[in-house]
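Asker: Protein chains in written order, with the numbering used here: chain W, 4 to 301; chain R, 5 to 390; chain Y, 8 to 94.
1. Leaving out the 5 sequence neighbours to the left and right, which residues in its chain are closer than 6 Å to residue 32 of chain Y when beta-carbon positions are compared?
2. Considering only the alpha carbon of each residue, which of R:159, R:349, R:301, R:128 lies closest to residue 179 of chain R?
3. Taking Cβ positions only, does residue 316 of chain W come closer than 8 Å to chain R?
4. Please compile the residues from chain Y whose C-beta is within a distance smaller than 7 Å of the C-beta of residue 46 of chain W.
5. Run the CB neighbour count on residue 285 of chain R, radius 10 Å, all protein chains shown included, and call it buried at 16 or more, exposed below.
6. The alpha helix (DSSP H) spanning residue 181 of chain R covers which residue range?
7. Rounding to the nearest angstrom, what Cα-Cα distance links residue 198 of chain R and residue 44 of chain R in this structure?
8. Name, please, each residue of chain Y whose Cβ falls closer than 9 Å to the Cβ of residue 230 of chain W.
9. What's the gap between the Cα of residue 1 of chain W and the Cα of residue 196 of chain W?
10. In the DSSP assignment, the alpha helix (DSSP H) including residue 377 of chain R goes from what residue to what residue?
11. Does the contact criterion of 3 or more C-beta pairs under 8 Å hold for the segment 149–165 of chain W versus the segment 66–78 of chain W?
12. I'd like to know if residue 70 of chain Y contacts chain W, where contact means its C-beta is closer than 8 Å to some C-beta of that chain.
13. Identify the continuous alpha helix (DSSP H) that holds residue 133 of chain W and give its terminal residues.
14. Ends of the alpha helix (DSSP H) at residue 68 of chain Y?
15. At the level of alpha carbons, what is the spacing between residue 50 of chain R and residue 86 of chain W?
16. Go ahead and label residue 167 of chain W buried or exposed: buried means 16 or more other beta carbons lie within 10 angstroms of its beta carbon, across all protein chains shown.
17. Take every Cβ of the segment 13–32 of chain R, pair it with every Cβ of the segment 136–152 of chain R, and state whether three or more of those distances are shorter than 8 Å.
18. Quick one: list the residues of chain W neighbouring residue 236 of chain R, beta-carbon separation under 7 Å, in chain order.
19. Looking only at its own chain, which residues have a Cβ that is under 7 Å from the Cβ of residue 108 of chain Y, when we skip the five neighbours before and after it?
20. Buried or exposed: which applies to residue 323 of chain R, given that a residue is buried once 16 or more other Cβ atoms fall within 10 Å of its Cβ?
21. Taking 7 Å as the cut-off, does the CB of residue 53 of chain Y come closer than this to any heavy atom belonging to the ligand ATP?
22. Using the Cβ count rule (16 or more neighbours within 10 Å means buried), how would you classify residue 96 of chain W?
23. Excluding the 5 residues preceding and the 5 following residue 130 of chain W in the sequence, name in chain order all residues of the same chain whose CB lies nearer than 6 Å to its CB.
24. From this set, R:99, R:361, R:28, R:368, which residue's C-alpha is nearest residue 193 of chain R's C-alpha?
25. Please report the straight-line C-alpha distance between residue 50 of chain Y and residue 251 of chain W, rounded to a whole angstrom.
26. Report the three-state DSSP secondary structure of residue 98 of chain W (helix, strand or coil).
27. 8 Å is my cut-off, CB to CB: does residue 15 of chain W come that close to chain Y?
28. At 3 residues or longer, what runs of the beta strand (DSSP E) sit wholly inside the segment 61–133 of chain R?
29. Starting from residue 11 of chain Y, follow the alpha helix (DSSP H) in both directions and report where the run begins and ends.
30. Select from the segment 131–159 of chain W all residues with a C-beta closer than 7 Å to any C-beta belonging to chain R, and list them in chain order.
31. Under 8 Å between the Cβ atoms of residue 132 of chain R and residue 307 of chain R?
32. When the cut-off is 8 Å and only beta carbons count, does residue 35 of chain R lie next to chain W?
33. Let's see if you can read the secondary structure: which residues bound the alpha helix (DSSP H) around residue 140 of chain R?
34. What does DSSP give as the partner residues of residue 228 of chain R in its beta bridges?
35. Give me, in chain order, the residues of the same chain whose beta-carbon lies closer than 6 Å to that of residue 121 of chain W; leave out the 5 immediate sequence neighbours on both sides.
36. How is residue 104 of chain W classed by DSSP in three states: helix, strand or coil?
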């Protein structure tokens, strides 16, 4: 059911949704749905071919995005969206592969894969929704939870430093690094479009409210209060050194496009190496066999 | 269909099991592998890394086995036949993703070149102690197929079989080698491509509107689509319905996991391969697999030359376990002798399937070497006294 | 005539308040009505001020509201008629 109203207009996001699965499970005031709006606007704006787009997610609230978008989508295991996406891209280099997952999934259990994919500059567009917590499982500390926050596994407050994700992926080699919040809807959509125009490892962090757990336990109000905090405390610092954009509890949020550079992506380097060393003997990176199967699509 | 000639190194070779396994994968049509080095399996992917650019495909060494075991599945959904290789410690790391492959019905092959364990164990020495893990290593109810080669030639032939079974049943197949089979060098004959039968991906021919990613037409194995073909399907490890959508109810769970089980169990007769020798008049049957079966053969021959009526049942398919064959034999033999390079794993299955109708004698070995034929012969002699 | 108009999918709304807060021209307010889940969805209080910018649509985490420009709405209607109205 695409058009849920009697009138003759349609929400731009609707064709991208599995409408038969609405309403979704995200809480009132959660920002994940907002990021999906920005994502779909970017797809429209960039004229990305939806048939060759694949979306891969991990486990967590953000991981559920894969199940709600009408694309070839893969809801994989905790922390492993990036290596799965790498395999997809290796077997079919024509795919545009997006990884859409949360901060805990990507930087804790998935941290190793995050840094290696950035190092290799695998051509992936990674959207990391950072709600500073493990939300799905009930509000445990994440590597991104700011110091002195209260969580279910730090009931007396956290005492670890948090990851500065832009700095992490910048140091690992990402070619595009940006951070916005769910308040910055237009800028976020634009950043996602910019990532689609780039080849290589792009990482866009989106700070998002978790009203049910993170905000509630830390007396930060509801989703709307948090959005107002984002509006008030965000400072656009395009090009800022990523080492300086760490987050603190209730502190300033540096947003903007921090890194935008060019270096050859993994597959470009791989092919160049094989061509140089093997010459004509190199038969390419996908199967040369006759199409083993037929499919009737659409 | 016939094998793609690009991947078939026709000829007579003198290579070890690891190398033969790689050639088997290429002959079967594997064009993507994601690996991580671990002794004694590494040579399989080292050879693949050298060969595949000249065949048409790619290899990536991932940062760990967790990544390798899921990257290969991304490769499958991107359209390739794909596999990985590992040994004990890596096999343990891959367990979650073996379960993911079973749950999402991703056809693929996991090669385990078994070595001494547990933990770091004996990296360069053989064992057969991952056999139960191959079957039960991941959480939840699922089925897998496991094959056990006992020679470099079989490392070639049965790898093709492994890929074919994976595609036919949309299931991860465990290729259970061991360090000796992997590192022994023997003659391996690779035939012409047109002499090799290869099972293609069970790809759907339905239109986008009519395609159900996990719908079946009564044969229990759904048709597959690949990313990038316009089907816009969803794959999840959550319990799902025929649309592939998460549907977490007891009813959907029952329907799904029973089908995952039945699609293998109902085809057991076709999947279970074994080799028989002199079973017709046997009083004692030696049940073995992998490198141990080579030693067992010597013990059986020695036994026969002493007048003992001993026969051989070599498991080529370890899982699903050939219960019916064991049950049938149990009705007419005195005992089973089960030598393994472990402290008793497949012997439990033999005992279970025999259901007390025949005795079972385990010839266990902690690993690190192979049995002496005399050890197995002694067990045959003892079993014969029943 | 207003430059735009808002469409609201009442049943999807969870009353987060984003649309009300971030509409640049304050077109919306939470209504006193309930949807079937017990949430108060927004309603249009100043239709004449709507520009059709669709910021409400971009903010809404529940895909429950969107704005269209009046010119677009007319164009859409014409396009719908031309293609036989199937979406």
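Positions of the beta carbon are idealized from the N, C-alpha and C atoms, including for glycine.
In this text the structure is predicted, and so the values were computed from the model without any measurement.
Answerer: Inspection of the coordinates gives the following:
1. 56
2. R:159
3. Any question about residue 316 of chain W goes unanswered here, given that chain W covers just 4 to 301.
4. Going along chain Y, no residue has its Cβ under 7 Å from residue 46 of chain W, so there is no contact; the nearest lies around 13 Å.
5. exposed
6. Where residue 181 of chain R is concerned, there is no enclosing alpha helix (DSSP H), although the beta strand (DSSP E) it sits in stretches over 176–182.
7. 32 Å
8. 23, 24, 25, 28, 29, 66
9. Here chain W covers residues 4 to 301 and nothing more, so residue 1 of chain W does not appear.
10. 377–388
11. no
12. yes
13. Where residue 133 of chain W is concerned, there is no enclosing alpha helix (DSSP H), although the beta strand (DSSP E) it sits in stretches over 128–133.
14. No alpha helix (DSSP H) holds residue 68 of chain Y; DSSP gives it neither H nor E.
15. 20 Å
16. buried
17. no
18. 73, 74, 75
19. With chain Y covering 8 to 94 only, the question about residue 108 of chain Y has no answer from this structure.
20. buried
21. The ligand ATP is absent from the structure shown, which contains no ligands of any kind.
22. buried
23. 103, 207
24. R:28
25. 37 Å
26. coil
27. yes
28. 62–65, 85–90, 112–120, 126–130
29. That residue, residue 11 of chain Y, is in no alpha helix (DSSP H); its beta strand (DSSP E) goes 11–15.
30. none
31. no
32. yes
33. 135–140
34. R:207
35. 172, 175, 176, 177, 204
36. strand
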